[in-house]
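One structure below.
There are 2 protein chains.
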Amino acid sequence: MAKETKISMAIIRRLPRYHRYLGELLNSGVTRISSQELSKKMGVTASQIRQDLNSFGGFGQQGYGYNVKDLYDAITKILGLEKTYNSIIVGAGNLGQAIANYTGFQSWGFKLKALFDVNPKLIGLKIRDVEILDVDLLEDFVSKNPIDIAILTIPKERAQEIVDRLVAKGVKAFWNFSAVDVNVPDDVIVESVHLSDSLFTISYRLNEDELFKKIKEK
Amino acid sequence: MAKETKISMAIIRRLPRYHRYLGELLNSGVTRISSQELSKKMGVTASQIRQDLNSFGGFGQQGYGYNVKDLYDAITKILGLEKTYNSIIVGAGNLGQAIANYTGFQSWGFKLKALFDVNPKLIGLKIRDVEILDVDLLEDFVSKNPIDIAILTIPKERAQEIVDRLVAKGVKAFWNFSAVDVNVPDDVIVESVHLSDSLFTISYRLNEDELFKKIKEK
DNA sequence: TAGATTGTTAATCGATTAACAATC
DNA sequence: TAGATTGTTAATCGATTAACAATC
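Sequence order for the protein chains is A and B. Taking the UniProt record's numbering, the leading residue of the first sequence gets 1, the next gets one more, and so forth. Taking the UniProt record's numbering, the leading residue of the second sequence gets 1, the next gets one more, and so forth.
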């Protein structure tokens, strides 16, 4: 099952951004756009846009540019957004509940089937009609309801254990909000959102100038 | 104010990860570590670790390795985590409240001074002793309370307007959770967490094999 | 057809890895 | 001292940008 074409993560991470900008253009009634016009809007080079798109196919037309709707639809498909995905949230604390309450993901085909928690006060409650279940029922639930994506909003201490249990049950993708890197087999996807890591780059950058002034002085 | 040493974002984004791993080692009572041992734990090359650290200074010792506590403390300072930062959250919906409720950031020196919202039902409520204020009071509040970091958990339609208002009041850093790229002057920092972008890389990867099977067939 | 803009190859740039002399 | 491991230079790799022939 070897792939001839291997797309780099650098390109993959730019795809959702193209999708966003094309969606906005579509909403604004723009029907065609050249790589140069798009490059100005997005603050990247036209060359990069053409290279990126061409790793998936020739979506443009010489002398014309790209048809906004066609390209938008193509990227929608490339991102797998024409399908639906069943998901669960493990950890029904503040962040887990916030994600469950956000309806945007549902509209893109990401369906939430259940939340799980250890806290008896939370078990049995519902968030937008989705029930919070006892985490002891995790394996049982996943056996009966095939799950594509598990969203982890649990303390870092419990993350690896939950991942192991879900991998054993065949879950192939994790959206991890725990502040820890979890280990999975090669065929399992982990996308981590490390919020503190992100925040700490802000404090770094707020102090960068001062930092190098100090280093220089020594 | 030109810097001689310019650290690439690639390196900056790895710093919090080093910090996390060293914190764990410290907690486990490990006192020294070589770049090779650390590289095994983190799944990166020892060479990269040494290169990264050396862009800030010589923290190691030949024949010995790195003192875990010293290196951890050094990276804590590099990340600016020995200081405190005053922050506000604009948008007190699910995500804004989840961030306000999370005490972890506070313990790293990120102090929350206020939340802001347009919703009259939310205004006046308190989250962990921090009040939700009318967003009309934004400029007034920021004038009286110097703010280092503004956290944006508002709908994308309102993000640029709020950023402009806060930049005008001198706010120099934004942690942006809105699904839009906001424009700021060169001396202002924006760190965006695009949750849907992150999620869409999962659906992409879940479908990548199939995608290239299709492209090949054509 | 003439003009515009893609698709794609070639050149450049930057980041990562390898190698090893310096040194603890 | 001998062994280990850093700090740093050089080599490699991959990603980005430039250039232009193909073509709509």
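Glycine included, each C-beta is placed from N, C-alpha and C at the ideal position.
Identification of chain B residues near LYS172 of chain A by a Cβ-Cβ cut-off of 8 Å yields LEU206, ordered along the chain.
Taking C-beta atoms as the reference points, ILE33 of chain B and GLY63 of chain B fail to come closer than 7 Å. The residues ILE11, ARG14, LEU15 and TYR18, in chain order, have a CB closer than 8 Å to that of ASP52 of chain B in the same chain once the five nearest residues on each side in sequence are set aside.
A Cβ of chain B is located within less than 7 Å of the beta carbon of GLY80 of chain A. DSSP, reduced to helix, strand and coil, places LYS113 of chain B within a strand of the structure shown. Among the residues facing chain B, VAL193 of chain A is included, as its CB has a counterpart in that chain under 7 Å away.
Only those residues of the region 54-78 of chain A whose C-beta falls short of 9 Å from the nearest C-beta of chain B are listed: PHE56, GLY57, LYS77 and ILE78. Between the beta-carbon of VAL188 of chain A and that of LYS172 of chain A there is about 5 Å, and that keeps the pair under the 8 Å contact cut.
With a threshold of 7 Å between beta carbons, LEU95 of chain A makes contact with chain B.
Straight through space, the alpha carbons of ILE154 of chain A and LYS126 of chain B are spaced by roughly 25 Å. DSSP places GLY43 of chain B outside any alpha helix (DSSP H), giving it a letter other than H or E. Taking 7 Å as the threshold, the shortest C-beta distance from PRO16 of chain B to chain A falls below it. Within chain A, no C-beta atom comes nearer than 9 Å to that of GLY29 of chain B; the closest sits roughly 17 Å away.
The beta carbon of GLY93 of chain A sits closer than 7 Å to those of THR153, all from its chain and outside the five residues before and after it, given in chain order. Setting aside the 5 residues that flank it on each side, LEU25 of chain B is surrounded in the same chain by ILE33 and VAL68, each with a C-beta closer than 7 Å to its C-beta; the list follows chain order.
Beta bridge pairing from DSSP links ASN86 of chain B with B:LYS111. GLU161 of chain A and VAL180 of chain A have their C-alpha atoms roughly 12 Å apart.
Annotation: TYR21 of chain B to ASN119 of chain A spans about 29 Å, alpha carbon to alpha carbon. Secondary structure at TYR64 of chain A: coil, using DSSP grouped into helix, strand and coil. With respect to chain B, the C-beta atom of THR153 of chain A has no partner C-beta closer than 7 Å. No Cβ of chain A is located within less than 7 Å of the beta carbon of SER35 of chain B.
Within chain A, no C-beta atom comes nearer than 9 Å to that of GLY124 of chain B; the closest sits roughly 20 Å away. At least one beta carbon of chain A lies nearer than 7 Å to the beta carbon of PHE200 of chain B. Nearest Cα to ARG165 of chain A within the set A:TYR102, A:PHE177 and A:LEU137: A:LEU137. Within the same chain, Cβ atoms closer than 8 Å to the Cβ of GLU131 of chain A are found at ALA114, LEU115, GLY124 and LEU125, the five residues on either side in sequence being excluded.
In the DSSP assignment, ALA150 of chain B falls within the unbroken beta strand (DSSP E) covering 149-152. Under the Cβ distance rule, ILE127 of chain B does not count among the residues neighbouring chain A, no pair being separated by less than 7 Å.
Straight-line measurement puts the Cα of TRP108 of chain B at about 6 Å from the Cα of LEU81 of chain B. As computed with DSSP, SER192 of chain A is found in a beta bridge with A:ASN176.
For the set A:LEU195, A:TYR102 and A:LYS111, the Cα lying nearest the Cα of PRO146 of chain A is the one of A:LYS111.
Think of a sphere of 9 Å around the beta carbon of PHE105 of chain A: the chain B residues whose beta carbon falls inside it are LEU195, SER196 and LEU199, in chain order. A residue is called buried when at least 16 other Cβ atoms come within 10 angstroms of its Cβ; GLY170 of chain A does not meet this threshold and is exposed. Proximity of ILE49 of chain B to chain A, defined by a Cβ-Cβ separation below 7 Å, is not satisfied. The Cβ atoms of SER196 of chain B and ASN176 of chain B do not sit closer than 7 Å to each other. In the DSSP assignment, ILE132 of chain A falls outside any alpha helix (DSSP H) and lies within the beta strand (DSSP E) extending over 130-134. Bounds of the alpha helix (DSSP H) holding ALA168 of chain A are 156-168.
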